[in-house]
Amino acid sequence: MNWLKTMCVDLHTHSVYSDGTATPLQLIRMAAASGLTGFALTDHDTVEGVAEAMRLGTEHGVDVLSGLELSARHGEGCIHILGYGVDLANPQLCAALARLQQGRAERNVQILDKLVKLGIAITMEETERLSACGQTGRPHIARLLLAKGYVQSLNHAFTLYLGRNKAAWCGRFAYSAAETIAIIHEAGGVAVLAHPGIIDPELKAQPQLVRELAERHLDGMEIHYPGHNYNMIQLFSGLAKQHGLIATGGSDYHGDSRIKGLAGRATGFFPPDSIMEQLRDRLRAPRTSTLNASDHADHTCC
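Position in the sequence shown counted from 1, then plus 16, gives you the working numbering.
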């Protein structure tokens, strides 16, 4: 194996503070063992574990950038936007995260109520014990459905009960994509579209979507992603160049709830470490966000 390929980063990971199963310490140890030169913890709608990850990164020789992943509404769909280099204490960011977390809590109550009506007994106390710290969400409910024998796999839990428009589906509060980009910029961060290949596997929606998000001052796209094939990478690289976007990458590692591992030697997935310098260059540049009236229209999301 070419040793240069080991010089890579993983800028999309999740911990026990959202829907992952690894602690920040476990993630940083894995990152060091994988030879990663850069790392970001990007939990959903929270930065609770980021300061810990940054401190541990310093101790283990891993360059850790602050991060998070936000669900956002755009048009009729839901997308995910990664934020890098954010100020963890920024008041506007903290207020926005509190509202998003409230929306998640409200949805949990609604989901459990629907499950009870379907004859499935899962309590809020059980889900909160399973999540232990951070946020409780659909993945924790899915694990309980599996443990209690109601489904055959975590994926089955979503296809039968928890996925969009399924038996126990409930929407939740989310900001628009334009608002989300503005929130990240207000906190001093860089906004990146996560895993664009998931949005439309036929690749028909992405050109217009990326153009619209670029008009709203998106900074980058997650091009290096385990689920992206050659055609996706070629398309997204062209779109990034066309709109002046940074090309980032990460594994979207969630721990033992999914098969994937961190980037690096163990998985053969190598987002280049040059991404870190590109992100820091963008962080040093001025960033703006302009909101239109339509960008505030609908706050219901996946």
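Built from N, CA and C at the ideal position, the CB exists for glycine as well.
Bear in mind the structure is a predicted one, so any value in this text is a computation, not a measurement.
Residue j beta carbon less than 7 angstroms from that of residue i
i	j	result
V63	L86	no
D297	M23	no
G271	A38	yes
L234	A190	no
L72	I44	yes
A158	L178	yes
P212	Q224	no
Rounded straight-line distance, which links the Cα of residue j to that of residue i
i	j	result
L20	S267	Low local confidence applies: a pLDDT of 47 at L20 is under 50, so the model's placement there is unreliable, and no value is given.
P155	V167	13 angstroms
G165	A173	10 angstroms
A198	T264	19 angstroms
I138	V32	20 angstroms
S305	H201	7 angstroms
I262	A256	7 angstroms
N18	Q151	Its pLDDT being 48, under 50, N18 is placed unreliably by the model, and nothing is read from it.
G187	R123	7 angstroms
E92	Q294	32 angstroms
Residue environment, residue i, which counts as buried when at least 16 other CB atoms sit within 10 Å
i	result
L134	exposed
V132	exposed
E231	exposed
E238	buried
A47	buried
Q250	exposed
S169	exposed
R120	buried
Expected contact under 8 angstroms - CB spacing of residue i and residue j to nearest Å
i	j	result
Y269	T29	5 angstroms
D61	A203	At roughly 14 angstroms, the Cβ-Cβ gap does not stay under 8 angstroms, so D61 and A203 are not in contact.
V25	M248	So it is not a contact: roughly 20 angstroms between Cβ atoms.
L161	Y100	Wrong, their Cβ atoms sit about 34 angstroms apart, outside the cutoff.
Residue i: CB within 6 angstroms of a non-hydrogen atom of the ligand ZN
i	result
R227	This structure lacks the ligand ZN, and indeed carries no ligand of any kind.
*Could you pull out every unbroken alpha helix (DSSP H) segment of at least 4 residues lying fully inside the stretch 119-172, listed in chain order?*
140-147, 154-163
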